[in-house]
Each structure stands twice: as C-alpha cells, then as structure tokens.
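This report concerns only the one structure given below.
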Ligand code: G1P
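Numbering (my numbering), first residue to last: 9 to 297.
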C-alpha cells in the first residue's frame, strides 16, 4: 500500500522571479489556495496519509500554511464566519504533513534522497509542486497507485507532449503492455527533439520504491550539473523495474508565468463562488481582444 508522499519544494523558483524572491513559488495563489495546497489535496484524495515536504530556507510561509491558527479560528467562530472557519479547518486536517530541509540544492534526485528516513522500506508517491493536475475522476496519483498495486515497480506518470515542448522533460522509451500502460525501456532527461525516444514525458508524478536510494547514491551530476531523478530511474530501468501510466487529467505547469496564468484562469472558471461571473467577464474581455 502506498501511504506516503514526498513533495520536493526546495528550489529557488527562478522562473517566477521576482515574486519568488520573497514568496515561495509553491505559495503563489491559484484563485484562493497556494499551488502546494492543490498538490497536497491530490495526495490526500489518492489515499496518502503522510506527506513529507522537502523545503529550504525562506519558505516558512509554506510550513505555517498547514498548521492551525487558533486565534484566527476563535475570531471567525466568534463572528459566526462558519464558511471561512470550515475552510481553515479542512486545511489543517489534510493528513500528517512533515518538513525536512534540503541543505544543498543539488537537483531533484538529491532532494528525493532527503526522504530516505521518512519513507524507509515503503514505496512512496512523489508529486512535484509545479505539476498540478485537474481531474474529475481518479486523481493522477491514485491512477499511479492503482498501477503500482498491479505491477509492484516504479511507476512514472506520463502524457503526450508535442515536439515543441518535449525537450523540457524527462522522456521515456515506452513499450505498450496495456491500455495506457507501458514498460519503460529507456529514459533521458531533457533530450534534444532529434534525440527524443518518444513523445511521452514524465510530468511530475511518480511512485518510487526504496531501490531508488541506492540508484541516487550511484548517480553522478547530469543535465545542468544536477543529480537528476531521471538518471537514477534509468539505473532501475536496466533492472526491468520501471513502468509508466498515461494518466488522465489536465496538467498545468504552474512553475512558469504562462502555465501559471493558464492554471489561474481555468481554476477560476471552475470555482463555485466566482466561476460564472468570471466566465461572463472573460467573454466580454475576449470580444475586445
Ligand atoms: C523535472 C524533472 C523532469 C520532469 C519535469 C516535470 O524537471 O527533472 O524529468 O519531466 O520535472 O515537470 P524540471 O521541470 O524541474 O526542470
């Protein structure tokens, strides 16, 4: 059973500067909740009970977001603002959230390595805080856990990405073994388009097994001089342990300006409170564009 998740959130967020100089990019708001909240909610909705967020200095707001604010709760109760109170309470009831500091920023593989004591001998989910998925059906991580329960290997969440964008991602060489299910026979981090092994890219959702830690320890710096998770996974591919799921859901890259704006607009359109009014506003605005 996969009951633990790791959310790496220690990076500088350079694609969102200057805001990310003082506001962790994971705390930038999509309608009424920070990006990291969507990812934690996905984990909980997938059956995860314990979450480790890998953090770094200057991100205290992210930790405070998940702890109860008793004064504020008492004030909301006294002024009968029960809807707001419910929202606050729901937030702090989102499973057990733990934090650990990544002491040096040496890449995604290195960040995941910080989770070793937390995950122990258990398989675990990894969700990158930039990769937000909207889905009316089973959450993306749940779809990966379902595949893990059948295959008991490393599971990568992948989707089709066009040639224009494929070089931004970890790209797999897939061998179809079922509907939307692949055995992964090779993988490369950020390949040039002419070297791509397919158009299926890993989009920030993984189920990893404890074997990943030895693989990370054996991994030398790769693309960008960083210890890449992709390179560590590649070592497990050689042992035949890696699969991929073409997961359902609309995925946003909330870690860059355009992706963040698209996510903001679409989550606003889906929002119960403001969705209809926002749609009317957008339609009117679009006429003048
Ligand atoms: C990371 C991973 C990459 C993956 C991507 C998904 O890259 O290294 O394999 O495809 O996340 O968003 P980053 O976006 O941190 O450069």
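Every residue gets a Cβ at the ideal spot worked out from N, C-alpha and C, and that includes glycine.
Values in this document were obtained by computation on a predicted structure and should not be read as measured data.
Identify whether residue i lies in helix, strand or coil by the three-state DSSP scheme.
i: residue 283; result: helix
i: residue 74; result: coil
i: residue 31; result: coil
i: residue 165; result: strand
i: residue 249; result: coil
i: residue 213; result: strand
i: residue 90; result: helix
i: residue 228; result: coil
i: residue 234; result: coil
i: residue 269; result: helix
i: residue 129; result: coil
i: residue 83; result: helix
i: residue 160; result: coil
i: residue 146; result: coil
i: residue 117; result: helix
By DSSP's criteria, residue i is part of a beta bridge. Which residues make up the other side?
i: residue 195; result: 180
i: residue 139; result: 261
i: residue 104; result: 58
i: residue 14; result: 60 and 134
i: residue 190; result: 184 and 252
i: residue 208; result: 168
i: residue 37; result: 42
i: residue 109; result: 63
Identify which residue in the options has its Cα closest to the Cα of residue i.
i: residue 38; options: 205, 226, 248 and 142; result: 142
i: residue 200; options: 178, 261, 189 and 271; result: 178
i: residue 22; options: 169, 245, 32 and 14; result: 32
i: residue 164; options: 132, 145, 60 and 176; result: 132
i: residue 65; options: 88, 107, 24 and 27; result: 107
i: residue 16; options: 117, 56 and 73; result: 117
i: residue 62; options: 113, 88 and 87; result: 113
i: residue 76; options: 222, 49 and 94; result: 94
i: residue 60; options: 135, 158 and 203; result: 135
i: residue 35; options: 13, 72 and 147; result: 72
i: residue 56; options: 151, 267 and 90; result: 151
i: residue 290; options: 274, 46 and 281; result: 274
i: residue 49; options: 187, 140, 110 and 154; result: 140
i: residue 12; options: 128, 28 and 270; result: 128
i: residue 20; options: 119, 91, 85 and 82; result: 119
i: residue 193; options: 30, 206 and 263; result: 206
i: residue 213; options: 27, 109 and 162; result: 162
i: residue 270; options: 159, 85 and 138; result: 138
i: residue 260; options: 204, 18, 83 and 167; result: 167
How many whole angstroms separate the CB atoms of residue i and residue j, which I take to be in contact at a CB cut-off of 8 Å?
i: residue 52; j: residue 99; result: Going by Cβ atoms, the distance from residue 52 to residue 99 rounds to 11 Å, so no, they are not a contact pair.
i: residue 105; j: residue 74; result: 5 Å
i: residue 252; j: residue 180; result: 6 Å
i: residue 224; j: residue 235; result: 7 Å
i: residue 208; j: residue 254; result: 7 Å
i: residue 277; j: residue 287; result: 6 Å
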